[in-house]
Amino acid sequence: MTDSSFRPERTYRPSRWRHIENVAMSTLTRAGLVPHSYLLTTRGRRTGKIRRNPVLIVDLHGKRWLVAPYGSVGWVHNARAAREVELSRRRDTRRYSIRELSAEEAGPVLQRYIELASATLRYFEARRNDPVERFVPEAGHHPVFELLPPT
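Under our numbering, the first residue of the sequence shown is numbered 4, with each subsequent residue one higher.
What follows is the structure, encoded as structure tokens:
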């Protein structure tokens with residue numbers, strides 16, 4: 004699958020509805036009411052402003068992974084630039100260094116991600132029961148980061 008042949012059912016587009024949805028999800032996530040969800044905090048790479056987004060964390064093989072189901076959106080660019088993120092849930096806030104995964108490493112994490120976050124499945128070309136090999140090409144469209152202790 005090349006970039007030109009990538010055809011998920013839907014493509015992410017920011018909208019007023021998406022903003023309202025993010026505010027609602029952020030409130031529920033901050034309260035710890037959404038399983039696997041955290042409030043991600045990054046600093047704008049150009050503006051320096053604090054940015055917060057609800058995200059789902061994948062626990063797999065004893066490690067923790069941050070997935071960008073909507074592609075290289077703002078928080079992805081900010082995280083890449085800073086090489087660190089902050090995750091909050093209830094009253095617990097932790098800072099992490101991040102490492103972006105290669106496509107081969109990301110495949111199993113993306114496969115697990117859509118098991119946990121079925122609402123995002125339509126943004127992926129691979130389907131839930133597909134073998135992990137179908138998820139490897141998805142990594143170019145859905146960045147995955149390993150969460151590491153801060154440096």
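No residue lacks a Cβ here, since even glycine has one placed at the ideal position from N, Cα and C. If you're wondering where the values come from, they're calculated on a predicted model, not measured in any experiment.
Outcome for residue i when other beta-carbon atoms lying within 10 angstroms are tallied against a minimum of 16
i    : result
I23  : exposed
I117 : buried
L63  : exposed
Through-space distance from residue j to residue i, alpha-carbon basis
i    : j    : result
V58  : V70  : 8 Å
H145 : S75  : 7 Å
M4   : S29  : Here the model assigns M4 a pLDDT of 41, short of 50, so the residue's position is not dependable and the matter cannot be decided.
E87  : P153 : 7 Å
E89  : D95  : 10 Å
R83  : A142 : 15 Å
R137 : V79  : 23 Å
L43  : R33  : 10 Å
N132 : R19  : 33 Å
Contacting residues, own chain, Cβ-Cβ under 8 Å from residue i (five flanking each side not counted)
i    : result
L151 : Y99, S100, I101 and R102
First and last residue of the uninterrupted beta strand (DSSP E) at residue i
i    : result
E149 : V147 to L151
R46  : S40 to R46
Spatial neighbours of residue i in its chain, beta-carbon cut-off 6 Å, leaving aside the 5 residues before and after
i    : result
R92  : G35 and Y41
T123 : P72
Checklist line | beta strand (DSSP E) segments (min. 3 residues) lying fully within the segment 49-121 | finding: The DSSP assignment places complete beta strand (DSSP E) segments of no fewer than 3 residues inside the segment 49-121 at 53-63, 66-70, 87-92 and 95-103, in order along the chain.
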